[in-house]
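The next block holds one structure in the form of structure tokens; read it before the comments.
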Amino acid sequence: MTELLTNILSPSWLAYAIAAAIQCALLLVVALASAAVFIWLERKVSARIQDRLGPTRVGGRFGWLQPPADGLKLLCKEDIIPAAADRLLFRVAPYISFCSAFCVFLALPFANGWVALRLDVGVFFILAVAGIEVFGVILGGYASGSKWSLYGAMREAAQVVSYEVPLALCVVVPVLLTGSMDLVEIGNRQAGWFTNWYVLHDPFTFVTFWVYATCAVASTNRAPFDLAEAESELVAGFLTEYSGFRWVIFFMAEYASMFVVSGLAAVLFLGGWNGPIPIAGLLHLGSDPDTATGFIANLLGLGNFLIKTVAGVTCVIWLRWTLPRLRIDQVMTTCLKYCVPLASAMLAGAVLWTYLCPGGLIARARHSLTIAAEQQHAPTQERK
Amino acid sequence: MNAQSIHARLSRPFRPWLVAGDFEAIDPWIEVKREGLPDIARYLRDQRDLWFDLLHCITGVDHFEPDQQKAAQMERPPHIELIYHLSSTTHRHRLALKTRVPRFLEEEPSRLPEVSSVSSVWSAAEWHEREVFDLCGVFFLNHPDMRRILCPEDWVGHPLRRDYRLPAEYHGIQSR
Amino acid sequence: MEAINWHGFFFLFFAIVACAFAMAVVVADNIVRMACYLVVSLGAVAGLYFLAQAEFLGAVQLMVYVGGTMVLLVFGVMLTARGPLASMRTGGGQWIMAAIAGGALLAMLLQAAFSVSDWAAPKTIQEQAAVEGSPSARLGLGLMGVRVDQLEQPNLMLRRGMSGHLLAFEIISVHLVVVLVGAAYLARAKRRLDHKQAKDDQRP
Amino acid sequence: MFSERVQPENVEFDVHTDEMLINMGPQHPSTHGVLRLVLRTDGEIVTEVTPHIGYLHRCVEKIGENLTPRQFLPYTDRLDYLAGMNMNLGWALTVEKLLGLKVSEKTRHLRVIVAELSRIASHLVAACCYGLDLGSFTPFMWAFRERELILNLFEDLCGTRLTYSYITVGGVTDDLPAGWLQKCATFLDQFEPVIDEFHAVLTSNAVFIRRTAGIGVLSPTMALDYGCTGPVLRGSGVDWDLRRDGEPFCTEMYEDYTYQVIAETDGKYPQDHPYPPVPPAARLGDCWHRFYVRMLEVVQSAFLVRQAMEKYAQAGGKVDEPFPLKKKLPKGEAYLETEAPKGQMGFMIISDGSPVPYRVRVRSSSFCNLSVTSELCRGVLVADVPAIVGSLDLVLGEIDR
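Chains as they are written, first to last, in the working numbering: chain B, 1 to 384; chain H, 385 to 560; chain A, 561 to 764; chain W, 765 to 1165.
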């Protein structure tokens, strides 16, 4: 795109800037659209769980215009900054949260090679940047000048900082199996049938996936780990004093990070853009995105990725509307007493497994079967 | 155990403090002198055959008639009556314990009458006594936390006194 | 305007942000704002690393320093905050002391920087960008005990001795575990006391 | 999975943070109205809780001194506005006690029907708002769906959905409309299987158990000492229900009905339905038991309604013979407590012979149940405060009067 624009526009720096802006806008649209879809999804899923209909009228069928309507309503709300607040930090905090949630999209691949910024440390980058989101929450909670907000901020800090440890340990397992921190590489390594997915690689990765799921829910602050905004205890936690647009921004950040952890789960454990049946591979569409067939294959991959991610988000929503909230000490116990040792054990187990039985359970079984078959077919050759 | 036998049971140790009793009333009651109230309460709670472990309610009743003519017809001089409704969950019997306090301490209209608290006997009395203090204006001695409970702390007067008049204004709020 | 040096532009941008917010940390008198500025400053340094294509280092910078500052902030609020917005004012003496210490450090760094001959003049972008291979892979392999950069060592006996940074890595890990355990031990409830007495102790 | 917590009041924490005073309420999502709790906290640990009440105070007792008993009846609706029928019943029975009035058999059974339906509605709100206090929103919606059906029944009965003034002194305001019993039976038929859903999503939910079991343990002696009544008292294992153990005026209403008083006696609950078992972590008198007692009482109430409908259909007599609006009352005083959903609701009426009572006293069950809060909340975590307060099932209209 940059080359195209450079050819058209005379000052190249302008072309460069515009190209950059377009790319940013594209990503922003993805982040915001996903948030809007998830808000609608949350309303619908929660309504169905609660024996209601949810939005039905706004925008015709299924209330699909509900999120924009919500957004419009929230934009029209009075923007309140409490007298006791630290005005600068109060204003800045939502943007920090949203920026970090948005920056993660930079390194998140949507299909084979379809990633804004292909880093060879993609996983690490995502973990590092996603970790900054909590900073906005802490800042917002502190700057509100309200005790409930401060409580929310402190809980968020304690919780998210703790859960980063098992989360990172879980993420290390697929990295270890691939031998790369490049998310595209990790995704491609799971190509083929669904048996190649890392979640089915060996028993240890299977457990790791569930530990990852737990920690991911916790690190996005969703129920049953939504202690930072526990409405029955802390009014609304760090969000207590926020209203209107700033509140929306925090909300967007929450939904964006839900998307990110689900997408990360899809890439790391569920085969990413590789469907359960390698349709693209069976049709010999190729994997080079520059060719037409490769493009179609990638579109299929994008569909796969989105289905998996949305399914993950739906599960998170389902959890939220089913379970009561844990208490802070229980949340910390879950993390430090169960998740961290379990994740460490699974890491060690996965290391052992790859050492003893490389290629995964099913691949290994198939391999040994082939060897056995070969041995039966050609016993004489073997002796030579 | 009915009220009569309870009265008989109490009359041995507490005869000088027992004032009256009505065992035929809808709710049989025993009236005691206010000096003896805490001791009798403790006795009622602790004796194995009495075992009044549940204090339901403390009611303050202001017997007073602001109208001079009607006041002349009153049977008894103006006073405040405190009614303690008790029951026993083990023996399933009930009792209304009454005591009388003057409307003002030493007839000085600014001083509230005093009576010993039974909150050390039944913790339930703690809040009920605060309520009686708040609404009827009876001060309970030895109470751990004698504050108003329903009205604001800076409220003037005790609403359930018969001669209570609503203040015309409270913090700029017109009340009439 | 044909050849605008974007690399240089972003370098300057991140450098100025880093320096400006570092100054702001010094000048600010509110502890939370200080921490906030510090985070921005460290984030800009991470940006510099990304610019130099050292993504691993950049991510580490974000995770360790920015995350660390967050913890600092939490402790700052929890342990020092009196009233809603804690403020720290610096006296004149402190300013002088800080200026002397900071100036000495700056002088030393400048001297060191100018003494590197390669840095005397800016290189072209092409030269700077010519970093072959992925740095993180080499670093990762180094941590796991394989020194990719020393493979040209012809003597096998010498190569065996260079087992990478595995030992250092292990020591740091064990150290961190010990620190974690220690922190957990410190934060643990220890003595049993009568509640009332404890409460009285708290009241000055 | 989580070891039993040490009693925090005996623990000295090495890491001290600043003590903080926090206002929980009067505007707070989990105080169910305008209760204000002042928490003194050390980090996440609450060292002291002081309830402040009176935000809804309207001195209903003073109002009662200026109105005749039937005029006062609508005010009783506003006490426990989640169970207006039971409030009406308490007042009506108290005045009837003073008058020495006996109502017809038909009225008696009709009263049982509405009182028990009202109890179901109140317990549903209590139990599932409790889920809300713990962060589980869904059962709340389910409970309101069922409660809505009960309110529809009441609306058919008396035209209102919240403040009924249906049970009056001497009877009820009107007989059942045609086809009402059938509607009620339909409701019960669909409601009884639904109860299991609440058990599935709350009672036996692992997170719910962790949040409630062993939290806010109220010993039987302490419960009695503080005058706690109703499910709070029965949750502590005291087998005491005024429908069975009360004064004759109260128990007569439930004569020849079969039902069980829900309280854990000899380590087990009465069993006539496959309820979830008591989890090992639960201790008698904790939040979980209080919740459980309410959920089981709902079943008993439904059972009572079924019996009452049968008896009502067979009983004779008129139901609407209300006491005249401005008739002189006999001299005397009467105090009566009835088993309302929240606990024992007591009314006292003192009459000097005029149509207007000399003194009216309202003994509120939530008032006494609330007074135990500061005792239960000593040394718990902040998140436990809503869990404990919610388990007491408070209605501020009744506390503040």
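Note that the Cβ used here is the ideal one computed from N, Cα and C, for glycine as well. Predicted, not measured: the structure shown is a model, and the values here were computed from it.
- For M986 (chain W), the closest C-alpha among the options H:D437, H:E415, H:V540 is that of H:D437.
- In this structure R998 (chain W) does not touch A1151 (chain W) by the C-beta definition: roughly 19 Å separates them, more than the 8 Å allowed.
- For T811 (chain W), there are no neighbours in chain B by C-beta distance under 8 Å, as the nearest C-beta there is about 15 Å away.
- Straight-line measurement puts the Cα of Y819 (chain W) at about 22 Å from the Cα of C1141 (chain W).
- Burial check for E133 (chain B): the Cβ neighbour count within 10 Å reaches 16 or more, so the residue is buried.
- Contact annotation: H887 (chain W) and V1062 (chain W) have beta-carbon atoms nearer than 8 Å.
- Put simply, the CB of V971 (chain W) is near chain B, with a gap under 8 Å to one of its CB atoms.
- Burial of Y255 (chain B) is indicated by the presence of at least 16 other C-beta atoms within 10 angstroms of its C-beta.
- Only A223, P224, D226, L227, A230, E231, S232, E233, L234, V235, A236 from the stretch 217–237 of chain B bring a Cβ to less than 9 Å from some Cβ of chain W.
- In summary, D433 (chain H) is exposed, with fewer than 16 beta-carbon neighbours lying within 10 Å of its beta-carbon over all protein chains present.
- Annotation: the continuous beta strand (DSSP E) that includes H463 (chain H) extends over 463–471.
- A straight-line Cα-Cα distance of about 14 Å links L1134 (chain W) and V802 (chain W).
- Taking 3 residues as the minimum length, the beta strand (DSSP E) runs contained wholly in the stretch 429–512 of chain H are 438–447, 463–471, 478–485, 498–500, in order along the chain.
- Of all residues in the stretch 959–988 of chain W, the ones placed with a Cβ closer than 7 Å to any Cβ belonging to chain H are L988, in chain order.
- At least one C-beta of chain B is nearer than 8 Å to the C-beta of C596 (chain A).
- Taken in chain order, the members of the stretch 882–908 of chain W whose beta-carbon sits within less than 7 Å of a beta-carbon on chain B are G895, L896, D897, L898, G899, S900, F901, T902, M905, W906.
- The stretch 823–837 of chain W makes no contact with the stretch 913–924 of chain W; the number of CB pairs closer than 8 Å stays below 3.
- One Cα belongs to C315 (chain B), the other to F38 (chain B), and the distance between them is close to 12 Å.
- Fewer than three Cβ pairs drawn from the stretch 440–457 of chain H and the stretch 408–417 of chain H lie within less than 8 Å of each other, which leaves the two stretches out of contact.
- For Q1071 (chain W), the uninterrupted alpha helix (DSSP H) run begins and ends at 1051–1078, by DSSP.
- Judged by DSSP in its simplified three-state form, S1128 (chain W) adopts coil rather than helix or strand.
- DSSP lists no bridge partner for R155 (chain B).
- Looking at the backbone, the Cα of P1038 (chain W) and that of P957 (chain W) are separated by about 11 Å.
- Across the set B:F204, B:L108, B:D120, B:L53, the C-alpha of B:D120 shows the shortest separation from the C-alpha of A614 (chain A).
- When DSSP reads this structure, K1032 (chain W) sits in a beta bridge with W:T1029.
- Within 10 angstroms of the beta-carbon of E419 (chain H) lie fewer than 16 other beta-carbons, which makes it exposed.
- Counting along the chain, A404 (chain H) sits inside the beta strand (DSSP E) bounded by residues 402–406.
- Burial check for V676 (chain A): the Cβ neighbour count within 10 Å stays below 16, so the residue is exposed.
- In the three-state reduction of the DSSP assignment, M986 (chain W) falls in the helix class, which pools H, G and I.
- The Cβ neighbour count for S968 (chain W), taken over all protein chains shown within 10 Å, is under 16; the residue is labelled exposed.
- Counting only the Cα atoms, A266 (chain B) lies some 17 Å from L176 (chain B).
- Taking 8 Å as the threshold, the shortest C-beta distance from I328 (chain B) to chain W falls below it.
- V313 (chain B) and S472 (chain H) have their C-alpha atoms spaced approximately 57 Å apart.
- If you draw a straight line from the Cα of F194 (chain B) to the Cα of V104 (chain B), it comes to about 27 Å.
- Look at Q1108 (chain W) here: in three-state DSSP terms it is strand.
- Taking 8 Å as the threshold, the shortest C-beta distance from L369 (chain B) to chain W does not fall below it.
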